[in-house]
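In my numbering, the protein residues as written are -15 to 59. Built from N, CA and C at the ideal position, the CB exists for glycine as well. What you are looking at is a predicted structure, and each value in this text was computed from that prediction instead of being measured. This report refers to the structure that appears directly beneath it.
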C-alpha cells in the first residue's frame, strides 16, 4: 500500500517539476526577446562563478592575487 502512495507522490512531483520547467523556459524566452542583454549577463555571472570556484579550490600560493585580478577584470 505504501508503494502505491509513493508512486503517486512521485508522479505528482514529476508533473509539478515539468510544469515549472516549462514556465521557466517561457519566462526566459520572454526575457530574451525583450532584454537579450540580461541573458548575456546571466551567462557571464555563471562563467565568473566557475572561475572563482576553480581559483579558490586551486592550491595556489597567489590565490589572493588571482581573486583580485578577477574582481578588477569584472568591474
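Beta-carbon proximity of residue 39 to residue 52, cut-off 8 Å: Not closer than 8 Å, so no.
Ordered list of alpha helix (DSSP H) runs contained in the region 15 to 52, each at least 4 residues: With a minimum length of 4 residues, the continuous alpha helix (DSSP H) runs that stay inside the region 15 to 52 are 20 to 41.
Output yes or no for whether 8 Å exceeds the beta carbon distance between residue 15 and residue 22. Yes; because the gap between Cβ atoms is below 8 Å, this pair is in contact.
Are the CB atoms of residue 61 and residue 36 nearer to each other than 8 Å? Residue 61 lies beyond the range of the chain shown here (-15 to 59); nothing can be said about it.
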